[in-house]
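Residue numbers (my numbering), protein chains in the order written: chain A, 11 to 672; chain B, 2 to 355; chain C, 913 to 1193; chain D, 10 to 318.
Worksheet for the structure shown next.
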Amino acid sequence: MTSKYRPTLPSTFLNMSQPNTTFPRLLAEHARRQPDAPAMREKDLGIWQAWTWQQVAREVREMACGLASLGFAAHDNLAIVGANRPRLYMTALAAQSLRGVPVPLYQDAVAGEMTFMLEDAGVRFVIAEDQEQVDKLLECREQWPRLAHIIYEDPRGLRNYDQPGLLSLEQLRERGRAFDAQHPEHFERAVASALPDDVAVILYTSGTTGRPKGVCQTHASFIAAGRGGVESDRLGPGDDIMSYLPMAWVGDHLFSVAQWLVGGFTLNCPESSETVMNDMREIGPTYYFGPPRTFEGLLTSVSIRMEDAATLKRWLYAKCMALARRVGADILNGAPVSALDRLRYRLGDLLVYGPLRNMLGMSRIRVAYTAGAAIGPDLFRFYRSIGVNLKQFYGQTETCAYVCLQQDGKVKLTSVGTAAPGMELRIADNGEVLVRGVSVLKEYYKRPEATAEVLDAEGYFHTGDAGVIDSEGHLRIIDRAKDVGRMNTGAMFAPNYIENKLKFFPQIKEAVCFGHARDEVCAFINIDYEAVGNWAERRGLPYGGYVDLAGKPEVLALVAECIGRVNADLAAEEGMADTQIARFLVLHKELDPDDDELTRTRKVRRGHVADKYRVLVDALYGGKTEQFIETQVKFEDGRTGTVSATLSIVPAQRYPAVRAAA
Amino acid sequence: MFYRENGQFKTSYRADLALFPVAQDRWAMLALAAVAFVAVPLLASDYSFRAIFIPFLILSLAAIGLNILVGYCGQISLGTGAFMAVGAYAAYNLQVRIDGMPLLLALIGGGLCAMVFGVLFGIPSLRIRGLYLAVATLAAQFFVDWFTNRVKWVTNDSSSGSVSVRALQMFGFEFSTPTQKYLLVLTLVVIFGLLARNLVRGAIGREWMAMRDMDVAAAVIGIRPVYAKLTAFAVSSFIVGVAGALWGFVHLGAWEPSAFGIDKSLQLLFMIIIGGLGSIAGSFFGAAFVVLLPLFLNYVPHWLGLAISTATASHLEHMIFGALIVFFLIVEPHGLARLWATGRQKLRLWPFPH
Amino acid sequence: MNARAMDLPPQAAPQGDDAPPPARRIGESILEVKNISLAFGGVKALSDISFDVREHEVRAIIGPNGAGKSSMLNCINGVYTPQQGSITFRGQTFRHMNSRQVAEMGVARTFQNLALFKGMSVLDNIMSGRNLKMKSGLLAQALRWGPAEREELAHREFVERIIDFLEIQAWRKTPVGRLPYGLQKRVDLGRALAMEPQVLLLDEPMAGMNVEEKQDMCRFVLDVNDEFGTTIVLIEHDMGVVMDISDRVVVLDYGRKIGDGTPDEVRADPEVIRAYLGTTH
Amino acid sequence: MGFFLETVFGGLMAGMLYALVALGFVLIFKASGVFNFAQGAMVLFAALAMARFAEWFPRWLGFDSAVLANLLAFVAAALCMVVVAWLVERLALRRLVNQEGITLLMATLGIANVLDSAGQLLFGSATYKIDIGMPKDPMIVLDKVFDGGLLLSKEDMFAAVLAAALVTTLTLFFQKTATGRALRAVADDHQAAQSIGIPLARIWVIVWSIGGFVALVAGVIWGSKLGVQYSISLVALKAFPVVILGGLTSVPGAILGGLIIGVGEKVSEIYLGPYLGGGIENWFAYVLALAVLLVRPQGLFGDRIIDRV
């Protein structure tokens, strides 16, 4: 294993922040305790520009005063739209300093969605990253005229905009300095007045169904959540984290704001979306978070690149990975491994694992987390076996993404870990997971009835996930509770459970299974264009674009094989045998958030998909062998077109149920 | 494979523009330096100093000089031998005509004279391009050959036409043993190497390369051809001149004009082409190749236990040398430096192929 | 390097970022071409061409292939010396000047078929555009003496702003030869911008690009014009582009000027129409 | 006066030989874009072959007609040069297409190395003589015009005539014959040449063979004057200034250049030499060429370069 240095942080550091505090106060505390330590870095103009805690505190103060000068006051909401830029994180703190509430929004949301949230949250102040966002917001303003102030960070191209209420962040800070001079005590007073139970942030749930809801989380709960993570992984100054996931997403808020302010480590923002991988390689974070999709993407690119390698290298790689699969995870868990194997592993580490981690930018990683969706066992094992301490946690926007996490040394592949400090779990009779504790939401913004639905009298939050808790207290999530259906055979049908198994194959990008109230399970498959494309090229199989590739008989065969393997799995699992996939078809287009088929967090909107592709579903169950379909698609630039194809329906290999005992 | 670049992020342009931005490279260079300055002096034999290390180093220096002109500025020169000669003879005259002239000053003086001479013969390059210029530079070669042969004053009226230098001393210290000479040369080469490196990665280096790659565009962005080309000639011939002086003083000790004939010019051109145009490191590779290969080739027969006349042997040696050059140009026209660079890149990307 | 140091040292400040916004109002004539004639041996490339360029405007030169458009630019920045005629820049009149003078007066140029320094990285190519402004001497550079290094660093920072402006961060250290054509065009523009030009001559900046690349390039050209108030002289084949972004248009045909005016005027001009009939544009 | 004219004549005659060798360069450069540094080595190789074969054939075949021997030897040597040309194309050129000019030049340097040593390995490295029965005795002409007349070496005359003849034939060959025109086509534009279906490889072999043949003739002439030995390969160095003076791509340039250099060199040696300590013809040619290039960078007849951007 390469050097995994642990920052030796004074024990005072963690319990420094007394339980009832707020983010602005934590910031002030860091500015006092470690004024010159780097708080944030951003790769800008080719190098890593750094802000010390002191500088962050000062800029936040300037911004806050600037906002105040514009009349931003307690309980006002400040929308933030943009990529992960240090100054955007600062604006969030600025709002909180004034007892206001930051409302980060997804930057890739189209004007319509954005208008809804602006209206819903009654936003009058918004921080926008650049011209693109400003243009969008100006469009929104036509629906929502109360949007008074649009403050932009990057003035590029905005020089000649004369719309009212436009202001650059620079100008805001200038106003702030002036305002501060006139009302020197305003800032402190505002910070002091804030209470731990004030709402710290409103995060909009992507909402697999219905309109997004604004989740109100208090300083107290987010800080508690943050501290839980920080303590169990001993994070602190000297640690580096990469902030590259949407600010509007609860995970990023937990890692890049809550844990950052509790732990006092360093936030690193990439230079641009194209350079994330490279920037990650430079920084070499010690603490990393990514949804399974990211890890999957990385692994796919690894296998693709290795396939072009020279034979000898491929042989070496194969050998080493075999060894890693055998002993790697155990070594990481500190389980007993023979001296010889340890030696072998050392060698492998020198030749393959080490360099590989280096290429992935994971050489320095002490802790890496994944969550948001189930992660494939192979995928999970891969990272742990090459010495990346990848762990899972479990939570929702409503719980600050903080319910369960896997403790070092107690990592089970299938589970999402044990109840996190300060949280308690319960499984309802219908199998739904209920949680109570520090991180549970205060309320949905202006939605008492919605709040009532999920928060019961005892203060339990209904996660909507179906799961089981094993003897050691590890929680295992099976599916969305509401998605769990019953087949006519009476068997329980957990679509996501099956779909995830499918998605663990690099060739399969998305899958949608149907089976509720039916005799058999059938599936839509989305191939992974890159992986399958490569596969095709290596076989010298010519294809013209996605639609053509998806239709190739060879590809169908490939997919059929994957499905066969999944069916074999299912057959072996108790009560799942009946949910083996009978027939499938490979979709002619990628499911896409822009076509409302996926949520912004890329969860399948199964209801919507079912309606949209009704004909296909009917074809699947109607015993047809192929079906013509034409679909509308939205392109990046907003134009729309249609794609059409005739999809063939393929039966899959099924297996007799195996008794678990056998 | 040995690169671990995570966490080596740059927070300032100074760090980003450092000579060796990657830590692993820095260590490697340190190790190399340690070997060159400590291990070699302790272990190497006098013969190896005379036959390998000293000529290798001096030729590397000359190659660096030539590379600046040809590789970076794109001005082909076939007259390098002449510039070396000027350096050598100038240094010689400084030494014999001025008593107690410190070695270093003599060398530098030699370099400066070569520089003047170089600028003089560089002037045509402002009008003449490419192969025309290449051939034109032969004028310098033959002129100097003739000059050093015919003008007695140059050789301090030595009857034989050959000159021999006095003891190499500087500030009272005398470089007598091969080891001392080696260390002297090594130090100079390292210093000049670094200076050259700084030049080529700085503003002037960009001007040179701009002239080389696309002279019209260079002019349009305000680069003066006169300045760019003449500085290239000046710097190049200064370094070459110093190398020439070292060659005469340290390696040969006593020499005749033929020591700096056209063969030397061509030999140096070989070095930078085989080593790699436009690469300081390449200059070293090229020199190593040209110095070691012949040694190697005339050992081969012994190893194979073949008894062949020395004449035949030397012919064979020439033949193989020529053949190898063609071979190299075919397999890697960009020279050993390119091979090296690709190798390094592969190590950085390991285990990925690209 | 910290947040504060991100504000530029004055000498390297680009005209756009900190300077008061130059609203894109057209100013006085900044460059005037009078009766230029140019011939190679017997071949007449340009005969008696005159036109003027006003400050802050986007001025297009159009015409069929071989109309002498590029030769016109080559005369303006001193690559060719016209046999007759003169060029007036900011009141000074020149009969023939060398490229260096032109560059010093703040005229930059991009090239029709890429004239990048193929042996250098993106960074170095753009850096070379700063050389005009770099002062330190040979010895200082050899030693990387304080001032010399500081100069290098300051200009590097300026160049980084251009890289940022052109959105080519991901290719900073790639040898230009390896870049796709569209990006090379951007680097070419970057090198010109590095000179902080007052007048920017663009020789078919969009030639051989796909729609998307053309849109980007248009955006950059206009942004340059807004942000830095740079005057732009543009040769372009794509009529759509020309008509969209240029304020006034000169039309050349077989080395003669056959039209001059706003896009609409030119579009209406019968002689222009005739010249374009049968030509594929 | 008479003496001056003698000098000039001498120059012209030497010049014809320079022209001959220079022609070899130009042909090869035009057709394959290679600045052939190996020309000198080819001269040496050819001369050695000629000299030795002329010595060996009688012994092998047991006859003793000098004429026949020379004839056979000449043919054999010529064949050798064709083989050389073929090998060069096979082993080097075709693998180096589209390389920088300097890389090609380096390659020819390598080839020169090989030829030099190969030649001496095969044919021996002593000094040999070629006797094709050139008249050795001098002759007096125009004794009516000047008293004493002009003293000219018949040998030189003979050589000059020979060279002149060869030059003319080659020029004709290039202007008139189909192959010749093909060669010119290649010279002007490789792609074009290929597109009209001329196999580049064959062209190169032919051109290099011609180059070899030229080298052979030069070698014979030189050899019979000074004897065949390594130093003969240096004659190439004489030809360089000629080529650039005339223009790398111009046949007439080569010829005229040759004459100019020839005369200039002799005249300067005699009228300037004494003041400079003699032996100046070694560099004078170059300085002369340099001077001309400063006025016309592309040489007297080279194609003009226009910067296109």
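C-beta: ideal position from N, C-alpha, C; glycine also.
How would you call residue i, buried or exposed, if buried means at least 16 neighbouring beta carbons within 10 angstroms?
i: Trp304/B; result: exposed
i: Val494/A; result: buried
i: Arg1186/C; result: exposed
i: Phe310/D; result: buried
i: Leu243/D; result: exposed
i: Lys182/B; result: buried
i: Gly224/A; result: buried
Does the beta carbon of residue i sit closer than 8 Å to a beta carbon anywhere in chain C?
i: Arg169/A; result: yes
i: Leu350/A; result: no
i: Val97/B; result: no
i: Thr276/A; result: no
i: Gly203/B; result: yes
i: Arg130/B; result: no
Compare the C-beta of residue i against all C-beta atoms of chain B and say whether one is closer than 8 Å.
i: Ala31/D; result: no
i: Gln1110/C; result: no
i: Gly294/A; result: yes
i: Phe1029/C; result: yes
i: Tyr295/D; result: yes
i: Ala131/A; result: no
Using a C-beta cutoff of 8 Å, does residue i count as contacting chain E?
i: Glu281/A; result: Structure shown: chain E not included; protein chains present are A, B, C and D.
Tell me, which residues are paired with residue i by DSSP?
i: Asp475/A; result: Arg490/A
i: Asp1172/C; result: Val1162/C
i: His159/A; result: Phe135/A
i: Pro147/D; result: Ser162/D
i: Glu52/A; result: Gln59/A and Cys279/A
i: Ile289/D; result: The partner list for Ile289/D (beta bridge, DSSP) is empty, contrary to what the question assumes.
Which whole-angstrom value describes the C-beta separation of residue i and residue j, a residue pair presumed to lie in contact below a C-beta threshold of 8 Å?
i: Ala31/D; j: Gly255/D; result: 7 Å
i: Ala60/D; j: Trp231/D; result: With a Cβ gap of about 11 Å, Ala60/D and Trp231/D do not count as contacting.
i: Gln406/A; j: Pro256/A; result: With a Cβ gap of about 16 Å, Gln406/A and Pro256/A do not count as contacting.
i: Leu103/A; j: Leu205/A; result: The pair is not a contact, with the Cβ atoms about 16 Å apart (cut-off 8 Å).
i: Phe471/A; j: Leu435/A; result: Actually they are not in contact, since the Cβ atoms of Phe471/A and Leu435/A sit about 11 Å apart, beyond 8 Å.
I want to see whether chain A comes within less than 8 Å of residue i, judged by CB atoms only; does it?
i: Ala1066/C; result: no
i: Gly344/B; result: no
i: Gln996/C; result: no
i: Gln1081/C; result: yes
i: Leu296/B; result: no
i: Ala935/C; result: Low local confidence applies: a pLDDT of 49 at Ala935/C is under 50, so the model's placement there is unreliable, and no value is given.
Within the same chain, show all residues whose beta-carbon is closer than 6 Å to that of residue i, passing over the 5 residues directly before and after it, in chain order.
i: Ser126/B; result: Gln76, Leu134 and Lys230
Excluding the 5 residues flanking residue i on each side, which residues of the same chain have their C-beta closer than 7 Å to its C-beta?
i: Phe83/D; result: Met59
i: Ala47/D; result: Thr117, Ile120, Ala121 and Leu124
i: Tyr1166/C; result: Ala979
i: Gly300/A; result: Thr380
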